[in-house]
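Here the sequence shown is numbered in our numbering, starting from 106 and rising by one per residue.
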Amino acid sequence: MSHLAFIFPGQGSQFIGMGKDLADAFPAAKAVFEQVDEALGQDLSGLMWAGEIEELTLTANTQPALMAHSVAAMAALKESFGVDVASVSFVAGHSLGEYSALAAAGALTISDTAKLLRIRGEAMQAAVAPGDGAMAALLGADLEQAEAACAAGRDSGGVCEIANDNAPGQLVLSGSKAAIDTACEHAKANGVKKAMPLNVSAPFHCSLMQPAADAMADALQDAIVKAPSVPLVANVTAQPTTDSEEIRANLVSQVTGRVRWTETIQYMVAQGVGRTGEAGAGKVLTVMQRRIEKGLEGFTLGTPEDLEAFAEAVKG
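This is the structure in structure tokens:
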């Protein structure tokens, strides 16, 4: 039987109402949302279920909200369907999803994860003045074309780096606004199908985020990080680890480092993973993985119906 991995989404998957049906259906899921609310001293679940999308989309709210939904789905899957994260081959998460993966695998407590993500969201927002940074997606570009666009951007003066290698033909650049604009022009002039600015509040995963990486180094120094119950395939290395010190260091590096998602999925497939469950909001990662490995079967785990269908499939 092919191996299974759980994957956890990052920013951009949030929506009003996220996770409410899980909380209503499963006591274990409800308990996760309550723990997050308590840890933050905020009615975050109220904002998630009936608030304004503009407020939910603030990075400091989005990050713990997405984690809460993901971990609630995993708690319900275990309690009501007997599917435990400890029984799979790997976990991996996209950017902030790495924290969700670690919480689900028992490396971090839920309340520590919520507090760390609140610090991370605020620090990433504060690292660069509004309007100074930008991100852009290059569609139909390969790594070589993206590197060339970055070089053109840097030549114009400013930071321009590959932030996410999401899937073949889907790369994201991050850096100074002017440098990103130049990189997009260069990409279009050199055969890249589409170069589009992203509606983000800060230039994530580039060296401009160094102040946020420093803040996370301080915050993580005091956090208790245990060995996860299954190996985590890390964003910055695309390699598995269960070493708590390595995990701590990787979480600091990923604030400024590239999310190597294509390689993460390829690594897991090479180890025999044939199915993934995307725990939490949306289906961004499930859609992306089809571009990376066509034969990889993907399940979304966001609603009670999703969990039931997944449990039947993996136990069947």
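Virtual Cβ for every residue (Gly too), placed ideally from N, Cα, C.
Quick caveat, the model's predicted, so the values are computed rather than measured.
- In terms of Cα proximity to M373, the closest of F195, P114, T287, M123 is F195.
- Of L222, S216, I215, the smallest CA-CA separation from Q168 is found for L222.
- A324 and I224 have their alpha carbons spaced roughly 8 Å apart.
- Note on geometry: alpha-carbon atoms of A257 and G263 lie some 10 Å from one another.
- Check the Cα spacing between G156 and each of K125, C289, P409: the tightest is with K125.
- Secondary structure of P302 (DSSP, three-state): strand.
- For N269, the beta-bridge partners assigned by DSSP are V277, V364.
- In the DSSP assignment, A384 falls within the beta strand (DSSP E) that extends over 378 to 384.
- Here I352 carries a helix assignment [DSSP, helix/strand/coil].
- Secondary structure at H310: coil, using DSSP grouped into helix, strand and coil.
- In this structure, the CA atom of C265 is about 33 Å from the CA atom of G382.
- Annotation for H199: no beta strand (DSSP E) segment contains it, and DSSP assigns it neither H nor E.
- Between S200 and N340 a beta carbon distance of about 7 Å is seen, short of the 8 Å cut, so the two are scored as contacting.
- Here the segment 146 to 161 makes no contact with the segment 200 to 210; the two share fewer than three CB pairs at distances below 8 Å.
- The segment 326 to 341 makes no contact with the segment 299 to 308; the number of CB pairs closer than 8 Å stays below 3.
- Residue nearest to E160 within the set F138, E139, I121 is I121 (criterion: CA-CA distance).
- The shortest CA-to-CA distance from M229 to any of L278, E350, L163 is the one to L163.
- A distance of 8 Å or more separates the beta carbons of A317 and Q119.
- Scanning the segment 136 to 162 from its first residue to its last, the whole alpha helix (DSSP H) runs of 4-plus residues come out as 149 to 155, 158 to 161.
- In this structure, the alpha-carbon of T218 lies about 9 Å from that of A328.
- Beta-bridge partners assigned by DSSP to V338: P345.
- For L412, the three-state secondary structure derived from DSSP is helix.
- For the set A144, A173, T369, L401, the Cα lying nearest the Cα of H108 is the one of L401.
- Looking at the DSSP output, L244 bridges to Q275, K299.
- It is roughly 28 Å from the alpha-carbon of S185 to the alpha-carbon of N166.
- A check of alpha carbon separations from I215 across T367, F138, D319 identifies F138 as the nearest.
- In the structure shown, L325 falls within a helical segment according to DSSP collapsed to helix, strand and coil.
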